Amino acid sequence: MHDLIGTAANFIHLDTITILYLFGVGFVGGLVSGFIGSGGAFVLTPGMMSLGVPGLVAVASNMCHKFPKALVGSIKRAKYGQVDLKLGLILGVSAEAGVLYGAHIQESIKKAFGDAGSNLYVSVAFVVILAVVGGFVLRDAWKTYRSGNMHAEEKAGKLARWVQSINIPGTMVYFKSLNARISILFTIPLGFATGMLAATIAVGGFIGVPAMIYVLGAPSLMASATELVIAFVMGLGGSFKFAMHGLVDIRLAMIILAGSLFGIQLGAIGTTYVKPFMIKVVMGVIMVIVLFSRGLMVPVYLSQLGLIQTISDSTVKLLKTTSFAIMIFALLLGAFIVLRAMWQGRQAERLQHAAGVLEHGKV
Amino acid sequence: MAQSSTKKKPIGKMLIMGIISIALYATLLMKQDLVNGSFARGGLYAFLPIATAFIFSFIHGSFTGNFWTVMGIEAAKKKKEVK
Chain U
1 MHDLIGTAAN FIHLDTITIL YLFGVGFVGG LVSGFIGSGG AFVLTPGMMS
51 LGVPGLVAVA SNMCHKFPKA LVGSIKRAKY GQVDLKLGLI LGVSAEAGVL
101 YGAHIQESIK KAFGDAGSNL YVSVAFVVIL AVVGGFVLRD AWKTYRSGNM
151 HAEEKAGKLA RWVQSINIPG TMVYFKSLNA RISILFTIPL GFATGMLAAT
201 IAVGGFIGVP AMIYVLGAPS LMASATELVI AFVMGLGGSF KFAMHGLVDI
251 RLAMIILAGS LFGIQLGAIG TTYVKPFMIK VVMGVIMVIV LFSRGLMVPV
301 YLSQLGLIQT ISDSTVKLLK TTSFAIMIFA LLLGAFIVLR AMWQGRQAER
351 LQHAAGVLEH GKV
Chain P
1 MAQSSTKKKP IGKMLIMGII SIALYATLLM KQDLVNGSFA RGGLYAFLPI
51 ATAFIFSFIH GSFTGNFWTV MGIEAAKKKK EVK
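In order, the protein sequences belong to chains U and P.
Those letters in the first sequence? Residues 1 to 363, by my numbering.
Those letters in the second sequence? Residues 1 to 83, by my numbering.
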């Protein structure tokens with residue numbers, strides 16, 4: 001997994017352009033994370049690798065920026081009453097187990113099928129999970145929009161109501177975000193799946209947040225805020241594991257953190273201005289666009305494994321560049337929707353205040 | 001919004017945390033060889049990057065939080081106004 005002696009020597013040279021690039025991507029990633037609880041990692045890891053950072057160092061450094069970012073974001077959103085700490089910690093612990101198991105699977109696949117096999121596994125996981133979960137989230141957001149009930153309080157769905165109705169003595173825990181007691185036997189596999197996904201595609205929240213909303217019945221705002229607690233627990237454990245092998249480039253992690261802490265504060269503030277269904281919109285849109293980005297890479301890995309006809313180097317390069325560009329577009333679009341929704345929310349609040357002043361004749 | 005404009009903005013706090021934050025980043029970037037050499041040694045040295053991440057998140061997080069407040073970007077007042 002590691003080469004202790006060579007690791008520090010493999011750390012890249014940092015110039016001003018690289019620093020500004022990492023800061024910028026960190027900011028946008030932080031903005032989206034502050035809003036939907038996760039995101040950014042899928043651009044940051046390949047983004048660092050494109051600068052010449054070895055894959056594992058990129059994953060490790062990304063994780064080491066993720067946990068302090070999630071910490072700051074969750075504290076901020078806890079101030080708005082959006083965090084269910086108990087749920088976050090319980091899911092976080094099982095997510096940690098999922099991360100370890102996911103990493104183990106990754107290593108086994110890499111050993112058996114090499115880099116191309118490992119990349120194919122990651123891309124297929126991306127495409128399948130994002131298609132199913134992202135499609136569902138986006139469809140739900142669209143249905144809410146069409147129904148005109150965007151202001152209505154979110155209600156637990158059929159599945160969540162069933163989960164909340166099951167009583168397994170000795171395992172029941174009350175969670176404030178659900179306003180119900182549920183068995184932790186339901187939370188364990190959800191946390192585990194979140195961790196496994198985090199170890200595979202670096203964004204566990206794409207499972208964690210929808211799982212909290214649709215399976216447990218948490219409101220979108222609380223689910224996305226609680227995801228930050230899970231990200232903190234997972235990120236802290238993962239970073240420590242990587243740091244023990246000397247894989248964390250703290251310079252990269254802290255530069256990304258510099259930008260992402262500006263972003264995460266803004267994204268967290270943004271959640272107080274928007275309708276809850278906007279969380280689903282941003283998450284669903286990003287998931288579906290990223291799906292196409294990763295889908296483009298599947299033929300490349302299939303060709304490297306000799307499962308389909310060999311693809312020329314120039315086509316591979318074109319597919320890689322397009323894939324990365326689509327990912328950046330997904331992140332930027334997510335950030336744009338967040339900022340636009342926040343701007344509209346602020347305008348509406350200003351108008352409301354002005355109307356109040358006119359009505360009561362006082363400032 | 002008017003409430004936020006009459007409220008005292010944390011300019012002093014922002015400046016102090018900003019200066020400390022810049023100092024931390026300057027040290028990190030000026031002492032890159034030393035940092036890389038010791039932080040990536042693995043084993044118990046793992047505590048160094050973890051502790052650094054916590055310190056930076058506290059200082060820089062406080063700075064960025066105050067930065068947006070000073071810029072006038074704060075959470076919606078809706079909940080506070082309901083009495």
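All C-beta atoms in this analysis are idealised placements derived from N, C-alpha and C, irrespective of residue type, glycine included.
Just so we're clear, the structure is a prediction, and the values are computed from it rather than from any experiment.
Thinking A199(U) and Q82(U) are a contact (beta carbons under 8 angstroms), I'd like their distance in whole angstroms, please.
-> For a cut-off of 8 angstroms, the C-beta gap from A199(U) to Q82(U) is around 26 angstroms, too long to register as a contact.
Is M172(U) helix, strand or coil when you go by DSSP?
-> If DSSP states are grouped into helix, strand and coil, M172(U) belongs with the strands.
Verify the CB distance criterion: does T27(P) have a CB-CB separation below 8 angstroms to chain U?
-> Output row for T27(P): interface = no.
Could you check the C-alpha separation between L44(P) and A243(U) for me, to the nearest Å?
-> Here the alpha carbon of L44(P) sits roughly 9 angstroms from the alpha carbon of A243(U).
Under 7 angstroms between beta-carbons, which chain P residues line up against M222(U)? List them in chain order, please.
-> Here the premise fails: no neighbours, minimum Cβ distance about 14 angstroms.
Residues near V298(U) by beta carbon distance below 6 angstroms, same chain, minus five either side | Exclusion of the five residues before and after V298(U) leaves S123 as the residues of its chain whose Cβ lies within less than 6 angstroms of its Cβ.
Of the choices G37(U), K76(U) and L22(U), whose alpha-carbon is the least far from that of A58(U)?
-> When only C-alpha atoms are compared, the closest one is L22(U).
Mind pulling the chain U residues with CB within less than 8 angstroms of P49(P)?
-> C64, S239, A243, V248, I250 and A253, listed in chain order.
List the endpoints of the continuous alpha helix (DSSP H) containing A51(P).
-> Where A51(P) is concerned, the enclosing alpha helix (DSSP H) starts and stops at F47 to V70.
Label F407(U) either buried or exposed according to how many other C-beta atoms from any shown protein chain fall within 10 Å of its C-beta, with 16 as the threshold for buried.
-> This structure does not reach residue 407(U), given that chain U is present from 1 up to 363, and the question cannot be answered.
Using only alpha-carbon positions, find the residue among H151(U), V137(U), Y174(U) and N167(U) that is nearest to G157(U).
-> Looking at the Cα atoms, V137(U) is the closest of the given residues.
Identify which residue in P54(U), V25(U) and L296(U) has its Cα closest to the Cα of L44(U).
-> Nearest in C-alpha terms to L44(U), of all of P54(U), V25(U) and L296(U), is V25(U).
Cβ neighbour criterion (16 or more within 10 Å) applied to D84(U) = Under this definition D84(U) is a buried residue.
Are the CB atoms of S177(U) and P210(U) nearer to each other than 8 angstroms?
-> It is not a contact, given that the beta carbons lie outside the stated cut-off.
What do you reckon, are the CB atoms on L228(U) and R77(U) nearer than 8 angstroms?
-> Cβ atoms of L228(U) and R77(U): closer than 8 angstroms.
Taking all protein chains shown into account, do 16 or more other C-beta atoms lie within 10 angstroms of the C-beta of M30(P), making it buried, or fewer, making it exposed?
-> The residue in question, M30(P), is exposed, as its Cβ has fewer than 16 Cβ neighbours within 10 Å.
Delimiting residues of the alpha helix (DSSP H) encompassing S38(P) = Boundaries of the alpha helix (DSSP H) around S38(P): Q32 to F39.
Can you tell which of F277(U), M327(U), G270(U) and S293(U) has its C-alpha closest to the C-alpha of Q347(U)?
-> Measuring C-alpha to C-alpha distances from Q347(U) to each of F277(U), M327(U), G270(U) and S293(U) identifies G270(U) as the nearest.
Throw me the rounded Cβ distance for the G55(U) and G40(U) pair, which I believe falls under 8 angstroms.
-> Contact doesn't hold; Cβ gap of about 17 angstroms is too wide.
Leaving out five residues before and five after A253(U) in sequence, what residues of the same chain have Cβ atoms less than 6 angstroms from its Cβ?
-> Result list for A253(U): S61, C64 and H65, in chain order.
Determine, using beta carbons only, whether A218(U) comes closer than 8 angstroms to chain P.
-> No, no contact with chain P.
Could you have a look at I201(U) and say whether DSSP puts it in helix, strand or coil?
-> In the structure shown, I201(U) sits in a helix (DSSP, three-state: H, G or I).
Cross-strand partners of A180(U) (DSSP beta bridge) = DSSP lists F175(U) as partners of A180(U).
Compare the C-beta of K275(U) against all C-beta atoms of chain P and say whether one is closer than 8 angstroms.
-> Closer than 8 angstroms: no.
I36(U) at chain P interface by Cβ criterion, 8 angstroms | Not an interface residue.
Are the C-beta of E349(U) and some C-beta of chain P separated by less than 8 angstroms?
-> Closer than 8 angstroms: yes.
Could you check how far apart the C-beta atoms of F126(U) and V290(U) are, in whole angstroms? I think they sit under 8 angstroms.
-> About 7 angstroms separates the CB atoms of F126(U) and V290(U); that is less than 8 angstroms, so the two are in contact.
For P189(U), count neighbouring Cβ atoms within 10 angstroms of its own Cβ and tell me buried if that reaches 16, exposed if not.
-> So P189(U) counts as exposed.
Any C-beta of chain U under 8 angstroms from that of K31(P) = Interface criterion not met: the Cβ of K31(P) is under 8 angstroms from no Cβ in chain U.
Using only alpha-carbon positions, find the residue among V53(U), L71(U), V285(U) and S147(U) that is nearest to H60(P).
-> Ranking V53(U), L71(U), V285(U) and S147(U) by CA distance to the CA of H60(P) puts L71(U) first.
Please state whether DSSP places G117(U) in a helix, a strand or coil.
-> Residue state for G117(U) is assigned as helix, using DSSP reduced to three classes.
Mind listing the chain P neighbours of I269(U)? Cutoff is C-beta to C-beta under 7 angstroms, in chain order.
-> In chain order: W68, I73, E74 and A75.
Any beta-carbon of chain P closer than 8 angstroms to the one on P68(U)?
-> Any Cβ of chain P closer than 8 angstroms to the Cβ of P68(U) would place that residue at the interface, and such an atom is present.
Integer Cβ distance of A180(U) from Q304(U), believed to fall under 8 angstroms = Going by Cβ atoms, the distance from A180(U) to Q304(U) rounds to 49 angstroms, so no, they are not a contact pair.
Using a beta-carbon distance below 8 angstroms, is K76(U) in contact with chain P?
-> So, interface residue.
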